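See below for the structure under consideration.
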Amino acid sequence: MEACKKDLATAAMTQFGSGWAWLVRDGQKLRVIKTANADTPLERGMKPLLVIDVWEHAYYLDYQNRRADYVSAVLEKIINWDFAEKNLPA
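This is the structure:
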């Protein structure tokens, strides 16, 4: 699970401008991807399992330009990892 959190954080922090960091099912594999603007993994035939919104409006009022603090809070305080793990593909 820690590797997944690290990969999601990296994807969220390296998404230039507006977009998303996703944990997806791609066939029988789990992947972390990022998409720009309004793109989604559904367009690529992938099933979204988790997402982090990295559009500025998602965090600016609480975190101003501190995207890293926002991403950390999402990963550590908002995502219910037990629930997510129970819903991962077998």
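Taking the working numbering, the leading residue of the sequence shown gets 1452, the next gets one more, and so forth.
All C-beta atoms, glycine included, are put in the ideal place defined by N, C-alpha and C.
Predicted, not measured: the structure shown is a model, and the values here were computed from it.
With DSSP collapsed to three states, give me the class of residue i.
i: Arg1486; result: The amino acid occupying residue 1486 in the given sequence is Thr; Arg does not appear at that position. Of the three classes helix, strand and coil, the one that applies to Thr1486 here is strand, per DSSP.
i: Leu1459; result: helix
Apply the 10 Å Cβ neighbour rule to residue i and answer buried if 16 or more other Cβ atoms are within range, or exposed otherwise.
i: Gly1470; result: buried
i: Tyr1511; result: exposed
i: Thr1465; result: exposed
i: Ala1462; result: buried
i: Leu1459; result: buried
From what residue to what residue does the beta strand (DSSP E) around residue i run?
i: Lys1498; result: 1498-1504
i: Val1475; result: 1470-1477
Any Cβ of chain C within less than 9 Å of the Cβ of residue i?
i: Glu1453; result: The chain inventory of the structure shown lacks chain C, comprising one protein chain alone.
Can you give the beta carbon distance from residue i to residue j, rounded, assuming they're within the 8 Å contact cut?
i: Ala1472; j: Ile1503; result: 4 Å
i: Ile1529; j: Leu1501; result: Rounded, the Cβ-Cβ distance is 10 Å, inconsistent with contact.
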